[in-house]
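As structure tokens, the structure follows; a few thoughts come after it.
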Amino acid sequence: MDGKSRGSSDSYDVDAIQVLEGLEAVRKNPAMYIGSTDERGLHHLIYEVVDNSIDEALAGYCDHIIVTINRDGSVTIEDNGRGIPVSIHKKYKKPGVELVMTTLHAGGKFDKVAYKVSGGLHGVGVSVVNALSRWLEVRIKREGKIFYQRYERGKPTTPLKIIGKTEERGTIITFLPDDEIFETIDFDYDIISSRLRELAFLNAGIRIELIDHRSGKMDIFKYDGGLVEFVKYINRNKKVLYDDPIFIKSKKEDVEVEIAIQHTDGFTENIFTFVNNINTREGGTHLSGFKGALTRAVNDYGRKNGLFESEDFSLSGEDVREGLTAVLSCKIPNPQFEGQTKTRLGNSEVRGIVESITYERLSEFFEENPVIARKILDKAILANRAREAARRAREITRRKSLLESSSLPGKLADCTSKDPRMAELFIVEGDSAGGSAKQARDKRFQAILPLRGKILNVEKARMDKMLKNEEILALISAIGTGIGDDFDIRNARYHRIILMTDADVDGAHIRILLLTFFFRYMRELIEAGYLYIAQPPLYKLSKGKRVEYAYTEKEKEEKLKLLGEKGVTIQRYKGLGEMNPEQLWETTMNPSKRKIIRVTIEDAIKADELFTILMGEKVEPRREFIKEHAKEVINLDI
Ligand code: 0RA
376 MDGKSRGSSD
386 SYDVDAIQVL
396 EGLEAVRKNP
406 AMYIGSTDER
416 GLHHLIYEVV
426 DNSIDEALAG
436 YCDHIIVTIN
446 RDGSVTIEDN
456 GRGIPVSIHK
466 KYKKPGVELV
476 MTTLHAGGKF
486 DKVAYKVSGG
496 LHGVGVSVVN
506 ALSRWLEVRI
516 KREGKIFYQR
526 YERGKPTTPL
536 KIIGKTEERG
546 TIITFLPDDE
556 IFETIDFDYD
566 IISSRLRELA
576 FLNAGIRIEL
586 IDHRSGKMDI
596 FKYDGGLVEF
606 VKYINRNKKV
616 LYDDPIFIKS
626 KKEDVEVEIA
636 IQHTDGFTEN
646 IFTFVNNINT
656 REGGTHLSGF
666 KGALTRAVND
676 YGRKNGLFES
686 EDFSLSGEDV
696 REGLTAVLSC
706 KIPNPQFEGQ
716 TKTRLGNSEV
726 RGIVESITYE
736 RLSEFFEENP
746 VIARKILDKA
756 ILANRAREAA
766 RRAREITRRK
776 SLLESSSLPG
786 KLADCTSKDP
796 RMAELFIVEG
806 DSAGGSAKQA
816 RDKRFQAILP
826 LRGKILNVEK
836 ARMDKMLKNE
846 EILALISAIG
856 TGIGDDFDIR
866 NARYHRIILM
876 TDADVDGAHI
886 RILLLTFFFR
896 YMRELIEAGY
906 LYIAQPPLYK
916 LSKGKRVEYA
926 YTEKEKEEKL
936 KLLGEKGVTI
946 QRYKGLGEMN
956 PEQLWETTMN
966 PSKRKIIRVT
976 IEDAIKADEL
986 FTILMGEKVE
996 PRREFIKEHA
1006 KEVINLDI
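Counting in this note's numbering, the sequence shown runs without a single skipped number right up to 1013 at its last residue.
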């Protein structure tokens, strides 16, 4: 059937068919619209609706958003914006809201081209949420009335009705995700709350509430200080060089730039960048503009004020960024997202804009705040010296390892395969578990590196000191990528690096420590998705000859019922050492049966935060943390 050849009189029918096909396409290939149908995709449904409310807020019409998880598992998003239009569209002869709900990117603000970001959607429109919901109800407060319409799997089941009167304005959308589409429809409070907190930081003044009627939990996020409060929050457990973050806000050629900067006394660089509220994890032109300007402004100030020892001395970007926490947020009209996860900003015009705004404002700030400028310069000069020392130390270790015929550590039991795509490295805590793992493994593609003793306290150590630690050296040379300036992902000897630690406090501790190490010194490895955590079982249940393993408390209860409760022996595994090699293989190492969890940058950030609390200089947060988490630390899900 060729719709275009028809007369204009029945164009309505043609449109209706197209509309239908539009949403059918979403249901047929949901991943194309929301990235995936796993937990991540599920949560994107909420973000998509919330993004529309945030757009209303940015346009100046809305300052309050409430997200409610209802007892039946549905979610309600309410805002006090203008409300989705309800008047009948001249061409389509339907209320605006019905078009918005049933057409892919229909209507005024939905005309903007959809762009996909890291495994998810943004700006694809609420119609996608509608298409992927078992049911969806929309209520609109507008023109003195309350309007209502219901849909099931994207199709209207009622017309738009007036159900009451009100003087308020706003939109209330409630939906239940379709369990035929999603692997799980169980919303996770913590996942939602951290994104909403982030949105509240990024959009100063908007009040965002989260209420969970399943558990009674709730949170209210409202940050009048915006990015300044964001940076303070990130640094809340760190020692800072100056109390108030430096704040820059400016606009040039339709590009809005906001930056908050604060240095800590630590050694790591923590720059978070966002474009239109999307985390640009892979960086891009805005980030490189910012970095360039920061280096230039600090060097210019140092030179002008005679802080450098010689004429030709200059600080590197890394020197200037040591201990830096910064959040950079840009709002731009036509973002181009590139890179593997579509989270790198490609717009070339943005580099110069961010660079000139940062340089001007920062230079101005340094002139007006010489005490803070001096602190930043002293820190960078110190970093420069340490880096020089580290470089010399590295030269020595490099030469030393060249002298030794093979640079692979002695305790590494390597695999036969030399193809990194196939090869796996298990990092195992302790020699006895290491021994079991060596017997258990499939030698063809599984390598084992046992780590002994308390690994170096990375927080208090500098790069040069760290390189002398035997455990860390073994780890670095086994992985093959090098660290810091030398890091090159192409030299990774394994594309799966699996942390296998005990399910007890020490195990959790070592896991946090290793995650922190990877986060700080081999971050790209995490970003490439090479780092995993093994999931050893918590329990072994046996009855006669039947043996079942349980990986969670819930699973233990289920399997207990399955085996018939009576006469079941339950063994709780506290350490990997309690399993014999066969059991270790069956439950934890065998690729066709095991469950391993890929570490995300978010996990690593969480670990880094925990690490700072557990091992950092400040005593009070650590005491608080241990008091609060004494029990759960054993089962930390990171
Ligand atoms: C289309 C046009 C206008 C607003 C919206 C959609 C809108 C959508 C959502 C989704 C959740 N909350 C929302 N709030 C508004 C512009 C309305 C106007 O011009 O009055």
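Glycine is no exception: its CB is placed at the ideal position from the N, C-alpha and C atoms.
Values in this document were obtained by computation on a predicted structure and should not be read as measured data.
So if DSSP puts residue i in a beta bridge, which residue, or which two residues, is it bridged to?
i: residue 822; result: 800
i: residue 637; result: 700
i: residue 526; result: 511, 531
i: residue 875; result: 803
i: residue 454; result: 440, 546
i: residue 630; result: 627
i: residue 654; result: 649
i: residue 712; result: 720
i: residue 705; result: 632, 650
i: residue 788; result: 823
i: residue 622; result: 635
i: residue 659; result: 720
i: residue 958; result: Paired residue(s): none; residue 958 is not in a bridge.
i: residue 814; result: In the DSSP output, where bridge partners are listed per residue, residue 814 has none listed.
i: residue 405; result: Answer by DSSP bridge pairing: none, since residue 405 is not bridged.
Pull up the CB-CB distance for residue i and residue j, whole angstroms please, since I reckon it's below 8 Å.
i: residue 599; j: residue 579; result: 6 Å
i: residue 792; j: residue 819; result: 6 Å
i: residue 798; j: residue 824; result: Not confirmed; about 12 Å, so no contact.
i: residue 551; j: residue 508; result: 6 Å
i: residue 875; j: residue 803; result: 5 Å
i: residue 971; j: residue 910; result: 6 Å
i: residue 854; j: residue 867; result: 6 Å
i: residue 964; j: residue 821; result: 7 Å
i: residue 811; j: residue 966; result: The Cβ separation is near 18 Å, so there is no contact.
i: residue 515; j: residue 459; result: 6 Å
i: residue 412; j: residue 557; result: 5 Å
Give me the residue from the options with the minimum Cα distance to residue i.
i: residue 476; options: 434, 980, 523; result: 523
i: residue 353; options: 445, 855, 564; result: In this structure the chain extends from 376 to 1013, so residue 353 is not present and cannot be described.
i: residue 697; options: 862, 718, 636, 906; result: 636
i: residue 985; options: 896, 891, 895; result: 891
i: residue 769; options: 844, 586, 743; result: 844
i: residue 687; options: 929, 677, 975; result: 677
i: residue 895; options: 882, 867, 862; result: 862
i: residue 1014; options: 521, 744, 454, 720; result: The question about residue 1014 has no answer here: the residues shown for the chain are numbered 376 through 1013.
i: residue 723; options: 703, 744, 663; result: 663
i: residue 504; options: 605, 811, 454, 427; result: 427
i: residue 512; options: 501, 526, 518, 502; result: 526
i: residue 733; options: 544, 822, 701; result: 701
i: residue 624; options: 949, 731, 783, 796; result: 731
i: residue 654; options: 703, 665, 608; result: 703
i: residue 594; options: 571, 611, 608, 756; result: 571
i: residue 1014; options: 458, 518, 547; result: Beyond the ends of the chain as shown, which are 376 and 1013, falls residue 1014; an answer cannot be given.
i: residue 969; options: 939, 881, 873; result: 873
i: residue 539; options: 518, 528, 530; result: 518
i: residue 976; options: 960, 903, 936; result: 903
i: residue 563; options: 453, 937, 417, 597; result: 417
i: residue 479; options: 545, 673, 407, 601; result: 407
i: residue 608; options: 585, 584, 639; result: 639
i: residue 425; options: 827, 450, 936; result: 450
i: residue 673; options: 644, 745, 659, 881; result: 745
Should residue i be flagged as near chain D, meaning a C-beta pair shorter than 8 Å?
i: residue 596; result: No chain D is present in this structure, which holds just one protein chain.
query = Is there contact between the stretch 667-677 and the stretch 626-634, where contact requires at least three CB pairs shorter than 8 Å?
reply = Not touching, per the Cβ criterion.
ask   = Could you give the uninterrupted runs of the beta strand (DSSP E) lying entirely in the stretch 496-523, keeping only those of 3 residues or more?
value = Runs found: 508-517.
query = Given 8 Å as the limit, is there contact between the stretch 877-886 and the stretch 916-928, that is, 3 or more CB pairs closer than that?
reply = Here the stretch 877-886 makes no contact with the stretch 916-928; the two share fewer than three CB pairs at distances below 8 Å.
ask   = Does the stretch 680-687 come within contact of the stretch 729-740, defined as at least 3 CB pairs closer than 8 Å?
value = Here the stretch 680-687 makes no contact with the stretch 729-740; the two share fewer than three CB pairs at distances below 8 Å.
request  = With a floor of 3 residues, list each beta strand (DSSP E) that falls wholly inside the stretch 668-692, ordered by position along the chain.
outcome  = List check, beta strand (DSSP E) in window: nothing returned.
task = Determine, using beta-carbon pairs with one atom in the stretch 436-456 and one in the stretch 586-594, whether at least three such pairs fall under 8 Å.
result = Segments in contact, yes.
ask   = At what residue ranges does the stretch 539-603 contain a whole run of the beta strand (DSSP E), taking only runs of 3 or more?
value = For secondary structure counted as the beta strand (DSSP E) over 3 or more consecutive residues, the stretch 539-603 holds these complete runs in sequence order: 545-552, 582-587, 593-596.
key: the stretch 463-478 touching the stretch 524-539, judged by at least three CB pairs closer than 8 Å   = Counting Cβ pairs under 8 Å, three or more are found: they touch.
task = Decide if the stretch 605-619 is in contact with the stretch 711-729; the criterion is three or more beta carbon pairs, one per stretch, under 8 Å apart.
result = Cβ pair count under 8 Å is below three, so no.
ask   = Is the stretch 934-951 close to the stretch 902-922, with three or more CB pairs under 8 Å?
value = Judged by Cβ distances under 8 Å, the stretch 934-951 makes contact with the stretch 902-922, as three or more pairs qualify.
message = So within the stretch 847-933, which uninterrupted alpha helix (DSSP H) runs reach at least 4 residues, ignoring any that extend past its ends?
response = The alpha helix (DSSP H) runs of length 4 or more contained entirely in the stretch 847-933 are, from start to end of the chain, 880-896, 898-902.
key: Residue ranges of each alpha helix (DSSP H) within the stretch 965-990, 4 or longer   = Fully enclosed alpha helix (DSSP H) runs of 4 or longer: 976-990.
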